[in-house]
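Protein chains: 2
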Amino acid sequence: MANIKDVARMAGVSITTVSRVLNGYPYVAKDKQEKIMAVIKELNYSVNGNAVKLIKGKTNTIGVIVPYNNNSCYDELINGILKKAHELHYQVLLLPSYYENVIESSYLTLLKKKMIDGILLTSHTLHPEQILALSEWGKIVCCEACPVELVSSVFPDRFAAYIEVFTYLKNKGYKRIHFTSGRDFQSSPSTRLRIQAYQETIAEAYEGQFFDQCFDYQDGKRVGDLMFRDSIVPDAIFTNGDEVAAGIIASAKMHGYNYPQDFEIIGEENTPLSEILGFPSVDYHQTAIGEQAVSLLLSDEYARIQIRHKLNFRARTEASVLS
Amino acid sequence: MANIKDVARMAGVSITTVSRVLNGYPYVAKDKQEKIMAVIKELNYSVNGNAVKLIKGKTNTIGVIVPYNNNSCYDELINGILKKAHELHYQVLLLPSYYENVIESSYLTLLKKKMIDGILLTSHTLHPEQILALSEWGKIVCCEACPVELVSSVFPDRFAAYIEVFTYLKNKGYKRIHFTSGRDFQSSPSTRLRIQAYQETIAEAYEGQFFDQCFDYQDGKRVGDLMFRDSIVPDAIFTNGDEVAAGIIASAKMHGYNYPQDFEIIGEENTPLSEILGFPSVDYHQTAIGEQAVSLLLSDEYARIQIRHKLNFRARTEASVLS
DNA sequence: CTGAAAGCGCTAACAA
DNA sequence: TTGTTAGCGCTTTCAG
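Chains as they are written, first to last, in my numbering: chain A, 1 to 323; chain B, 1001 to 1323.
The structure is reproduced here in structure tokens:
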């Protein structure tokens, strides 16, 4: 495989001159320039990106740590990240963690190894010290509220959203309000916020109203069964995700309860699902979060930017497939 | 930042010896070994990944070219790719093309630049010569049926699926069968196959039965309006994607036609959407395709592997939210 | 078991 | 406007 030396030799110039035309520097004679270009074409030469990365100490690559990729929330986020990264001529290394701490911290060392210029952190299991220890090797931006003060972040105002939803349901006069979450409150800060918001707006006791381990449609069906099998059923539910909400709606139906006649339900992520079934959903604007997170990561500024959510109500009569 | 030289000096050995313990080679005296490890810890040293890549000529990274990431089909595929790549200790560079040829071919040059070890190609606009020209610089595996004979591929048997769906609808006695696709037949091979399958099973003429530019829920609503606004409406529809199907169902409802009473509809990708609304959907097993594509990419074998689809019927009475 | 030395392919300061 | 040269940080013969 041809290298810069071969090009230089064949063009009858020094490698410096070749490097110059490669990088578009001025002060290269027209004829040499053309000769070099011709040789490059003839040899079908390309620079070795790793040599460039080594000497420049810069990779033009960022890493994105996500628990999973097949989840509408990360999907939107990644979408924004890819868009902005492409705009700024950066490449994106997609790093799935499966919520495993060992894997997550191995990704952080990519920074030390100089293989990426920065890291975007989403939902994770890392301890503050782990993040802090490695933030000295490169910039880290968090796409959730980050407990580490020194790390920049672009994040949704989840707590405000939770308060808004619960307050809305309370004001509507609902009496038996249930809610769901993904990971348990031990591991998930947002689950803790959910519970706290419930306690601040509805009631102190949440046992029997709260169901965790909800991630997808099947989980929704599972907890729907728990909610609707008894004689006392919820009249409003706030779920962590539209898929879970859809599962609950399906399960409720099997127990003889129909949405929207028999209960209210509010989802999250604002996917087509909520539009189709006609239930409200909280939009955290993940695409915007992704874009801004990349911008922040590639700037040398420090910031903690909160992105405002939107509780999205549907024109139920029109769009919904449910009557 | 510390380098291998610093470690060697502080440990009182040569860099060769340091390199040896770094890479777990035998024949290093126990005491030197321990001393080196201690120094590495003390200096908080890590190897420079770019130097390693440069000298080894191998990156342990693969690139995945996708048109978009926020589409359930690529989502599943990427999921399989990430899983298998992680298993084989490879990293994944996610390369969005937005169906732009210039972008796509710029990604192929990453191979020449030695920045990735191989490329996974999904839906694209590349010409055979473009692929061929770069396949000499590294292995390329296609996740769709690939026109270039020399390129390995792992792909769904789309045509067989189309034939199966149309035959099924025909045998059920449906008379006015419509179908949709994404990109127009000029740019999309699968659109051409769809039309061909329709012609072979239903009828030669497809004008008025065929609607392209369908990518998401909104497009589904749009073409649903076209289909159901006239007095002659379809009694069966085969859509390219569950979201499109859902949009059509929603639009049909607004025109006074209900699923499943008034028409049959079959989607693609087998997402929760089809389960929720209870319509059949073709599962191309994209996760499996992704996993196998990675395995093939990282092997040095040549193969063209076809993955069998599955037309997935739903237990409509139970799971569906529609009566 | 260990180390010297020759690169991997490139950039950039410096000198001309 | 051009070339010489000294690295970037590491692996890997090869000779002890």
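No residue lacks a Cβ here, since even glycine has one placed at the ideal position from N, Cα and C.
Please read these numbers as outputs of a predicted model, since none were measured by experiment.
Measure the C-alpha to C-alpha separation of residue i and residue j and round it to an integer number of angstroms.
i, j, result
"Glu1025 of chain B", "Met1001 of chain B", "Note that residue 1025 of chain B corresponds to Tyr in the displayed sequence, not to Glu. Approximately 25 Å, taken between the alpha carbons."
"His1255 of chain B", "Asp1225 of chain B", "8 Å"
"Leu126 of chain A", "Ser1046 of chain B", "20 Å"
"Leu1022 of chain B", "Ile1163 of chain B", "57 Å"
"Ile1195 of chain B", "Tyr1206 of chain B", "7 Å"
"Thr1059 of chain B", "Tyr68 of chain A", "23 Å"
"Asp1157 of chain B", "Ile1289 of chain B", "11 Å"
"Glu1269 of chain B", "Gly12 of chain A", "57 Å"
"His1086 of chain B", "Gly1080 of chain B", "10 Å"
"Asp1006 of chain B", "Ile1055 of chain B", "20 Å"
"Cys1073 of chain B", "Leu121 of chain A", "25 Å"
"Ala161 of chain A", "Ile36 of chain A", "60 Å"
"Tyr1099 of chain B", "His1124 of chain B", "6 Å"
"Gly1267 of chain B", "Asp216 of chain A", "20 Å"
"Arg1328 of chain B", "Asn1003 of chain B", "Because chain B here runs from 1001 to 1323, residue 1328 of chain B falls outside it and cannot be looked at."
"Lys83 of chain A", "His89 of chain A", "10 Å"
"Arg1304 of chain B", "Ala1145 of chain B", "8 Å"
"Asn48 of chain A", "Glu243 of chain A", "46 Å"
"Asn1071 of chain B", "Asn71 of chain A", "11 Å"
"Thr109 of chain A", "Ala29 of chain A", "44 Å"
"Lys114 of chain A", "Pro128 of chain A", "22 Å"
"Asp1230 of chain B", "Gly1138 of chain B", "54 Å"
"Lys1093 of chain B", "Leu1043 of chain B", "Strictly speaking, residue 1093 of chain B in this sequence is Leu, with Lys absent from that position. If I take the Cα positions, the gap works out to 30 Å."
"Ile78 of chain A", "Ile1015 of chain B", "41 Å"
"Ile307 of chain A", "Leu297 of chain A", "16 Å"
"Phe238 of chain A", "Val282 of chain A", "10 Å"
"Leu1169 of chain B", "Ala1203 of chain B", "13 Å"
"Val1066 of chain B", "Ser295 of chain A", "23 Å"
"Pro234 of chain A", "Tyr1198 of chain B", "48 Å"
Run through chain B and tell me which residues come within less than 8 Å of residue i, C-beta to C-beta.
i, result
"Gln91 of chain A", "Leu1093 and Leu1095"
"Val47 of chain A", "Lys1113"
"Ala51 of chain A", "Leu1054"
"Leu82 of chain A", "Asn1069, Leu1094 and Pro1096"
So what does DSSP say about residue i, is it helix, strand or coil?
i, result
"Arg16 of chain A", "Strictly speaking, residue 16 of chain A in this sequence is Thr, with Arg absent from that position. Thr16 of chain A: helix per DSSP, three-state reduction."
"Asp1230 of chain B", "coil"
"Val1244 of chain B", "helix"
"Ala236 of chain A", "strand"
"Arg1304 of chain B", "strand"
"Ile202 of chain A", "coil"
"Asn50 of chain A", "helix"
"Thr61 of chain A", "strand"
"Lys5 of chain A", "helix"
"Lys1310 of chain B", "strand"
"Glu42 of chain A", "helix"
Name the chain A residues whose beta carbon is nearer than 9 Å to that of residue i?
i, result
"Gly1138 of chain B", "None at all; the shortest Cβ gap to chain A is about 11 Å."
"Ile1276 of chain B", "Tyr217, Glu243, Ala246, Gly247, Ile249, Ala250, Leu273, Ile276 and Leu277"
"Asn1079 of chain B", "Tyr68, Asn69, Asn70 and Pro96"
Going along chain A in order, which residues have a C-beta closer than 7 Å to the C-beta of residue i?
i, result
"Asp1283 of chain B", "The premise fails here: Asp1283 of chain B is roughly 14 Å from chain A at the closest Cβ pair, so nothing lies under 7 Å."
"His1086 of chain B", "Pro96"
"Thr1109 of chain B", "Ser46"
Pop quiz: residue i and residue j are said to be a contact at Cβ under 8 Å. What is the actual Cβ separation, rounded to whole angstroms?
i, j, result
"Leu1095 of chain B", "Gly1063 of chain B", "5 Å"
"Ala1293 of chain B", "Cys1143 of chain B", "5 Å"
"Ile265 of chain A", "Ile248 of chain A", "6 Å"
"Val1102 of chain B", "Ile1131 of chain B", "At roughly 15 Å, the Cβ-Cβ gap does not stay under 8 Å, so Val1102 of chain B and Ile1131 of chain B are not in contact."
"Asp212 of chain A", "Thr191 of chain A", "6 Å"
"Phe179 of chain A", "Thr201 of chain A", "Wrong, their Cβ atoms sit about 11 Å apart, outside the cutoff."
"Phe1159 of chain B", "Leu1193 of chain B", "5 Å"
"Lys1221 of chain B", "Ser1251 of chain B", "5 Å"
At 9 Å on the CB atoms, spell out the chain B contacts of residue i, in chain order.
i, result
"Glu76 of chain A", "Asn1070"
List, in order along the chain, the chain A residues whose C-beta lies closer than 8 Å to that of residue i?
i, result
"Thr1122 of chain B", "Simply none; closest approach about 14 Å."
Unbroken alpha helix (DSSP H) runs of length 4 or more, entirely within the stretch 264–297 of chain A: which are they? The alpha helix (DSSP H) runs of length 4 or more contained entirely in the stretch 264–297 of chain A are, from start to end of the chain, 272–277.
For the stretch 1134–1171 of chain B, list the alpha helix (DSSP H) runs that are entirely contained and at least 4 residues long, ordered along the chain. Taking 4 residues as the shortest admissible run, the stretch 1134–1171 of chain B contains the following complete alpha helix (DSSP H) segments, listed from N- to C-terminal end: 1158–1171.
Hey, which unbroken runs of the beta strand (DSSP E) at 3 residues or more fall wholly within the stretch 1063–1144 of chain B? Listed in chain order, the complete beta strand (DSSP E) runs (minimum 3 residues) inside the stretch 1063–1144 of chain B are 1091–1096, 1118–1121 and 1139–1142.
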